[in-house]
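Numbering (my numbering), first residue to last: 69 to 264. For each residue, glycine too, the CB sits at the ideal point set by N, CA and C. Notes follow the structure.
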């Protein structure tokens with residue numbers, strides 16, 4: 069009988085320990101994401117004194133000037149995104165002197181658009197991705213900046229995933245901008261807003 073009681077005590081102790089470990093890992097998991105770059109963005113007021121990029125184009129497209137097949141494809145992508153389906157980026161891959169950005173999926177999640185992908189260090193030196201390196205600009209010219217800190221360091225040829233949420237209207241176009249000074253900003257058109 070004493071052996072049964074000891075076995076039961078050990079069994080209950082094991083369950084209790086497992087529950088404690090689950091609670092600890094759950095709380096730790098909410099504070100630390102496996103994706104090195106997982107951020108939420110908010111609209112940032114436009115600074116009238118800030119320099120503007122002359123090469124930047126708003127992510128808009130004049131629908132009547134496009135061939136019918138392309139018009140249909142753009143409309144289909146927009147409708148799928150609004151319906152909650154994942155869509156590809158219009159420019160899925162962009163490379164700069166030191167980094168390569170690949171957007172694998174764009175999906176609507178409530179009032180946010182979630183952009184998932186990866187960034188790769190394409191040099192032979194260590195590359196630091198500072199907090200705030202990613203920004204977005206929509207088709208109305210509104211810039212979105214991160215609300216959280218977070219950056220990462222990538223060794224030569226190393227990649228890390230990202231999951232970025234932007235509170236942009238479903239009808240607006242969206243451009244991802246990666247800024248790694250002294251390199252010129254890397255711009256990647258994700259979605260376009262149909263005009264006309």
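Between residue 138 and residue 208, the gap from beta carbon to beta carbon reaches 9 Å or more. Listed in chain order, the beta strand (DSSP E) elements of length 3 or more contained wholly in the stretch 145 to 195 are 161 to 163, 167 to 177 and 180 to 189.
The beta carbon of residue 131 is closer than 6 Å to those of 139, 262 and 264 in its chain, skipping five residues each way along the sequence. Annotation: the continuous beta strand (DSSP E) that includes residue 130 extends over 128 to 130. With a beta-carbon spacing of about 7 Å, residue 254 and residue 167 fall inside the 8 Å limit used to define contacts.
For residue 229, the enclosing beta strand (DSSP E) covers residues 227 to 234.
Residue 206 is classed as buried because its beta carbon has at least 16 other beta carbons within 10 Å across all chains shown. Using a Cβ distance threshold of 9 Å, residue 175 and residue 149 count as a contacting pair.
Nearest in C-alpha terms to residue 164, of all of 204, 196, 248 and 214, is 248. Closest in C-alpha terms to residue 200, from the list 241, 184, 245 and 161, comes 245. When secondary structure is reduced to three states using DSSP, residue 222 falls in the strand class.
In the three-state scheme derived from DSSP, where H, G and I count as helix and E and B as strand, residue 125 is classed as coil. Inclusion of residue 181 and residue 239 in the CB contact set at 9 Å is not warranted, their separation being larger than that value. In its chain, beyond the 5 residues on either side, 127, 158, 159 and 243 have a beta carbon closer than 7 Å to the beta carbon of residue 257. Residue range 254 to 259 is occupied by the beta strand (DSSP E) that includes residue 258. The three-state secondary structure of residue 213, taken from DSSP, is strand. For residue 229, the closest C-alpha among the options 178, 169, 203 and 259 is that of 169.
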